[in-house]
Amino acid sequence: MSLELNGKIALVTGALRGIGKGIALVLAEKGADIVLNDKTVGKESDALVNQIKAMGRNVIVIKADVTIKDEVKRMFETIEQGFGRLDILINNAGSSQNKNIFEMELEDWQYIIDTNLTSAFLCSKEAMRIMRTQLFGRIICISSVVAERGAILGHVHYAATKSGILGMTKTLARTGAPYGITVNAVAPGIIETELLFKTHGIEGVEKLSASVPLGLGKPRHVGLAVAFLCGEGGDYLTGTTIDVNGGFNMR
Ligand code: NAD
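Residue numbers (my numbering): 124 to 374.
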């Protein structure tokens with residue numbers, strides 16, 4: 124196992140379950156010290172913290188709602204005080220709702236825009252402030268297969284945020300390049316998480332996975348692509364998107 128991220132400090136938002144947890148575990152496996160963020164933190168975070176500590180890494184948990192500017196600011200202050208730097212930001216926190224445009228109210232739209240897009244803006248702004256002075260940084264934004272093909276069940280707010288993330292990624296990639304900051308996206312397909320089952324139900328997930336050449340994906344699959352971008356493999360990649368979808372959408 125390569126420890127190419129040894130000594131790097133990585134913040135993963137929405138990290139206590141699903142894809143965020145998968146990413147945090149792979150980054151720790153590759154040597155990074157980890158800041159786990161989530162908006163709710165309960166006893167269940169202990170197991171993840173212990174798992175990361177058992178790999179010999181430093182790990183802290185910061186409870187913060189990444190849609191709220193003051194909470195994001197406080198989170199980054201804690202990171203600066205605790206570690207003195209930040210090398211990697213993973214904009215992963217996200218949500219969806221099982222509604223199409225006929226069922227969706229402005230409040231629903233706003234909630235998903237804030238959770239999936241504004242959060243990435245707030246965290247990237249704070250992270251790039253730190254990374255600019257270090258002349259090094261890696262930012263990975265978690266988009267989705269729906270950014271390109273549209274949401275399957277009419278979740279127009281969700282699709283808008285996941286396409287929006289790609290525009291944000293490309294623009295930040297240009298802004299960050301002179302400072303040694305790369306910004307890329309990872310677009311997962313059908314990945315086995317709580318959000319997936321909440322959105323599609325068990326039968327829906329079975330039907331969807333049947334149309335994926337490599338079947339249902341795991342959070343670890345996403346984590347491995349993220350780790351590649353954070354390591355030497357990502358040195359000359361910026362503004363790009365890696366599809367982690369088992370062949371669900373081939374372009
Ligand atoms: P999940 O619901 O299982 O986990 C999301 C985590 O984010 C939770 O721990 C939640 O508490 C946290 N979170 C939500 N809002 C937050 C906030 N405001 N502040 C801090 N934390 C917050 O979802 P998941 O399936 O693991 O999804 C993670 C990311 O991957 C999301 O951006 C999602 O859109 C994306 N994605 C998922 C799939 C999939 O198939 N599961 C596919 C494509 C993209």
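No residue lacks a Cβ here, since even glycine has one placed at the ideal position from N, Cα and C.
On the DSSP bridge list, what partners appear for residue i?
i      : result
Ile304 : Gly260
Asp156 : Ile132
Asp366 : Ala310
Val182 : Ile157
Ile191 : None; Ile191 has no bridge partner.
Ile265 : Val309
With respect to the beta strand (DSSP E) encompassing residue i, which residues constitute its N-terminal and C-terminal limits?
i      : result
Thr298 : No beta strand (DSSP E) holds Thr298; the alpha helix (DSSP H) holding it covers 279 to 299.
Ala133 : 132 to 135
Taking the alpha helix (DSSP H) that residue i belongs to, which residues open and close that run?
i      : result
Ile213 : It is not in any alpha helix (DSSP H) - Ile213 instead sits in the beta strand (DSSP E) that spans 211 to 214.
Val172 : 168 to 177
Val269 : 269 to 272
Phe351 : 342 to 353
Gln233 : 229 to 236
Distance check for residue j and residue i, CA to CA, integer angstroms please.
i      : j      : result
Met170 : Gly205 : Here the sequence assigns Ala to residue 170, which means Met is not the residue at that position. Cα to Cα, Ala170 sits roughly 22 Å from Gly205.
Ala283 : Ile275 : 13 Å
Met124 : Ala133 : 18 Å
Val279 : Ile288 : 14 Å
Pro366 : Ser332 : Looking at the sequence provided, one finds Asp at residue 366 rather than Pro. Near 16 Å, if we compare the C-alpha coordinates of Ser332 and Asp366.
Ile146 : Leu360 : 19 Å
Gly356 : Gly303 : 15 Å
Arg213 : Arg180 : Sequence check: residue 213 is Ile here, not Arg. About 18 Å.
Hey, is the region 160 to 178 in contact with the region 226 to 236, meaning 3+ C-beta pairs nearer than 8 Å? no
Taking 8 Å as the threshold, find out whether the region 308 to 315 comes into contact with the region 339 to 349 through three or more Cβ pairs. yes
Could you tell me whether the region 242 to 255 touches the region 325 to 336, using the rule of 3 or more Cβ pairs below 8 Å? no
Between the region 296 to 313 and the region 256 to 267, are three or more C-beta pairs nearer than 8 Å? yes
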